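Numbered by UniProt numbering, the letters in the sequence shown go through residues 1 to 683 in order.
Ideal Cβ positions, reconstructed from N, Cα and C, are used throughout, including at glycine.
A quick note: this is a predicted structure, and the numbers were derived from the prediction, not measured.
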Amino acid sequence: MDNAKENVGRDETIDKLKKIRVKSLRLAQRLGQTASHPAMAQILYRLGLTEQLRGGHVDAFNFNHAWAMAEQLELAGKEPLDFSCTIMVLGKSGLETNQVKDVVGTVNGIKVRLIDTPGLLPLWSDQQRNRKMLHSVKRFIERSSPDVVLYFDRLNYHDRNSDDELLLQTITNAFGPSIWVNTIVVFTHAASATPEGPDGVATDYNRYVTERSLAVQRAIRRVSEMMLMNPVALVENHLACRTDRAGRRVLPNGLVWKPHLLMLCFASKILGEANELLKSQNVVLERPYRGGPELLPVTHVLTSLLQPKAKLKLPLEEYDIDDNTLDDNLDEVLESDDDLNYDELPPFKPLTRSQVAKLSKSQQEAYYDELDYREKLYVKKQLQDLKQWRMMKKMEAEAKEFTSDQSTGGEAHEPLPVIDCPVPDSFDSDDPVHRYRFSTNQVNVGPVKSSDTWDHVDGYEGVYMNKLIEVMNKVPISFTGRIKKNKKEALFAMEVTGFVKHGKKKETTISFDLQQIDSDIAYTIRSDTTFSNFRRNKATAGLSVTRVGDALSAGVRVEDKIMVSRRSQVVMMGAATTRGSNVAYAGGLEATLRDKQFPLGRALTTMSFDMMACYGGFLRSWNAKSQIPIGRFTDFIGGLKLNNSGEGQVSIGLKSTEYSQLALLALVPLLSTILTRLFARFE
């Protein structure tokens, strides 16, 4: 009898889960979304998993049947959709309200209740005001708690003097840590221009959004002491925002933000209903994007996989000709007999500027042509001397190693090169980058300098250590560790890399990377194998496995480099990663055309095409960059970037070693900004 009641209860639960599935699919169709939407896929996966645990069966036929049923109900319009959602809005000052308001409306036939609250202030002196306001909000929602909470912040403005974590802690103290379980982080002004990076170029939009999102998400995890990864939505209501054919506003990344935000809100409410249904059976569904699987996004794993690994070398191979500083086809340039040797040229006396000014125009051109020709031969002679010097040093080191092994049978300890700190674009003789020049040792230790400091006297936030060992005098293994610490947290990272050669044309790099991400640790194992089919072709294939918490990601990477001629080369690459049901692909094609007199000429043109497919979206971008010599001392640099979102960027620049007055052009945008603000103030 008890078994019969249990079976009946189980069947009723499965039927209710199927109705929730149909309801969620109807919501997706009303919002113009598909089942591949990340929030929708999360709902279907959680509901299907729970139904299987309850003894049900879920397959593609059941899903197609539920989708067809939802589509039929929407077309008929006879059965109303029994769904409503209550949303509470919290955010920093700027929200246009001074008191708690309750607004009820309909969106796509769905009843939505919005609880609008006054804006919060981030400064420490304003927290008392924030606490009073939050307690009034808490009293207001005691009658009916919200299904979803939207926490608003501006994407294009981040005040370093404000403490976001202090504001989030005030919210946590008022409502309790559970307030963050149903919270969605929303960034406004999402179509604004991104800030400039250290190199003066605007930061990539997707990268900037990811950085801002991670900063807020980590702060929420710290104040709530819960392993949450709150979903993030972007909002833009400016009239200048780009729209699609239906009049819906589109963000720079090609996303139509309004249905996406509504889908996230409704998905959280649906999973809440499923949790209430299954609470008596001790089964709890997770909210969208919650927990460890999103601590390291698939796109981040994919981007890391596309980056090539640095090649390790033994101390005896430091002088090897096969080095990145000399291209694979440099021998053809050095061995060409088209020109004379520099030592065979007749004597030449350089003229001063005053002497050159007295010459006629034709004589000046002839003088500069002769000067360029001699400079070309002199650089060629330097490259030949460098090649010969490296060969001699390598032979000397091999002979010394052989003598040492014959006499003592031990290993010859060669001094290791010191790892230099990156030199900033502008520095003086007192800059600390010149101080930590440790003597050669088997262990290299140095500081980690912060890039956000103004004073060059301090600003160190960590320390690194590197040690290179040799296994059987054939396999170099590098151990690298890094610790970064500030007032709020301490982060560490470790990497072990090994390099193995399989003959002259095959080599494999294996690495194990350990990196701390908040309270979790990311483990990555990667292997890359490079082989040369013939002289002008190099191919690379790699595998990668990453684990963060309970989430496991696997990826594959391929790359092929073809030297078409001495001047041109083509690089093709592609990668794919997978985590659960999420699969991301990326690829690229890059063509490079060098100067006719490469490696002596300065002309260079690069064109590339990149693509990425992830989370149901497809991103494409086209890039072109060219450097054209103008005269003997000046180069013109131009760049063009386009993407499938309809956005583009054009950049032009001049680089000169003769006309330093060009630096004064940097005052033009500065003066323009000052004048614009002055006129705006007067108006």
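Can you tell me whether DSSP reads residue i as helix, strand or coil?
i           : result
E74         : helix
Q384        : helix
K18         : helix
V223        : helix
M573        : strand
E344        : helix
K138        : helix
G247        : coil
A603        : coil
Y659        : coil
T303        : helix
S268        : helix
V668        : helix
L359        : coil
T676        : helix
residue 687 : Only positions 1 to 683 of the chain appear in the structure, and residue 687 is not among them; the question remains open.
L312        : coil
A215        : helix
T34         : coil
E590        : strand
T117        : coil
V443        : strand
R26         : helix
T13         : helix
N533        : strand
Given residue i, which residues of its chain have a CB within under 6 Å of its CB, disregarding the five upstream and five downstream residues?
i    : result
T509 : K309, F499 and D528
A28  : M40
L642 : W622 and G648
F679 : none
D164 : A219
G638 : S626 and I652
R547 : Y523
F512 : V496 and I525
V445 : M465
Bridge partners for residue i per DSSP, in chain order?
i    : result
T546 : T524 and S553
T497 : S478 and S511
D153 : F187
Y460 : K449
V256 : V250
E196 : A202
D560 : A539 and M572
E470 : P476
T106 : K111
W622 : F609 and L642
What does a CB cutoff of less than 8 Å around residue i pick up in its chain, not counting 5 residues either side in sequence?
i    : result
I44  : Note on identity: in this sequence residue 44 is Leu, with Ile being the wrong assignment. Cβ neighbours of L44 beyond the five flanking positions: R21, S24, A35 and F63.
A202 : A193, T194, P195, E196 and Q649
N329 : Unreliable positioning characterises N329 in this predicted model, as indicated by a pLDDT of 49, which lies under 50. The coordinate reading is nonetheless provided below. If we look at N329 and ignore the five residues flanking it on each side, its Cβ neighbours are R536, M563 and R566.
K485 : E461, G462 and L491
D635 : R602, Q627, I628, P629, L654, K655 and S656
A267 : S24, A39, M40, Q42, I43 and P288
T303 : A586
Between residue i and the rest of its own chain, which residues show a CB-CB distance below 7 Å, the 5 nearest in sequence each way excluded?
i           : result
H413        : Its pLDDT being 49, under 50, H413 is placed unreliably by the model, and nothing is read from it.
Q99         : P118
E79         : L73
residue 689 : Because residue 689 is not part of the residues shown, which for the chain are 1 to 683, the question remains open.
L168        : A219, I220 and V223
Y208        : T194
A191        : E236, H238, C241, L251 and P252
Y378        : Y342
A596        : At residue 596 the sequence reads Lys, which differs from the Ala that was named. If we look at K596 and ignore the five residues flanking it on each side, its Cβ neighbours are R567.
For the putative contact between residue i and residue j, defined by C-beta atoms under 8 Å, what is the C-beta separation to the nearest angstrom?
i           : j    : result
W257        : E236 : 6 Å
M472        : G481 : 24 Å between Cβ atoms; not a contact.
L654        : L664 : The Cβ separation is near 12 Å, so there is no contact.
residue 685 : T530 : Since the displayed the chain opens at 1 and closes at 683, residue 685 lies outside it and no answer follows.
F187        : L155 : 4 Å
I184        : P231 : 5 Å
V112        : I141 : About 16 Å; that fails the 8 Å criterion.
V583        : A575 : About 12 Å separates the two Cβ atoms, so there is no contact after all.
L17         : L47  : 6 Å
Is the closest heavy atom of the ligand ADP to the C-beta of residue i under 7 Å?
i    : result
S527 : What this structure holds is no ligand at all, so the ligand ADP is not there to describe.
Cβ contact check for the segment 266 to 275 and the segment 522 to 531: 3 or more pairs under 8 Å: no
Touch test, the segment 139 to 148 against the segment 105 to 112, Cβ-Cβ under 8 Å, three pairs minimum: no
Three CB pairs or more closer than 8 Å across the segment 534 to 546 and the segment 557 to 564: yes
The segment 604 to 623 contacting the segment 245 to 256, beta-carbon criterion three pairs below 8 Å: yes
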